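Numbering (the working numbering), first residue to last: 65 to 146.
As structure tokens, then:
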């Protein structure tokens, strides 16, 4: 792992809002994040879909790269990097 990049351990439920089928914002642990790049979709098969994107906190403007998965309409944060 490169120096200065920290992986944030995650495996928690999140709320994700989509527009035109793509995530645009999310809430993680009561903190709202706005997606600031074009999300990349990874099809995980028939059971779930996953996305990777960069998001910026509305609280303190820090950024993270995040991986989220949706299974049956339920979203989970899988991993995040600062």
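Glycine is no exception: its CB is placed at the ideal position from the N, C-alpha and C atoms.
For clarity, every value in this text was computed on a predicted model and none was experimentally measured.
| Check | Outcome |
| --- | --- |
| For residue 131, the first and last residue of its enclosing beta strand (DSSP E) | 127-135 |
| Proximity test, Cβ basis, 7 Å: residue 103 and chain C | The chain labelled as chain C is not found in the depicted structure, where only one protein chain is given. |
| Alpha carbon of residue 101 to alpha carbon of residue 94, nearest angstrom | 22 Å |
| Residue of 119, 82, 85, 88 minimising C-alpha distance to residue 143 | 119 |
| Where the beta strand (DSSP E) containing residue 87 begins and where it ends | 86-92 |
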